[in-house]
Amino acid sequence: MKKYDAIIIGFGKGGKTLAAGLAERNFTVAMIERSDKMYGGTCINIGCIPTKTLIHSAKLADTSAS
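Residue numbers for the sequence shown follow the UniProt record's numbering, beginning at 1 and rising by one.
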């Protein structure tokens, strides 16, 4: 059985930052993430990037130009 000094749940910004800090201190770290689409955290994947607003704005601009 493999042993770890720390197991971090969540591959978001906080989890990656913590894992990197522990690894720099020679801790053996395992990370667990339930979603295969989460790589980088909520913000970059679904939270902060305003894709719907950008799409809506582009449609408005296109309609205005017509």
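Even glycine gets a Cβ: it sits at the ideal position worked out from N, Cα and C.
Note that the structure is a prediction, hence the values are computed from the model and not measured.
Residue i versus residue j - alpha carbon distance
i	j	result
L54	A65	16 Å
K16	M1	24 Å
R25	A19	10 Å
A30	I7	5 Å
G14	G21	11 Å
K3	G10	19 Å
A58	S35	30 Å
I32	D62	43 Å
L60	A23	48 Å
Option in the options with minimal Cα separation from residue i
i	options	result
T28	S57, D5 and A58	D5
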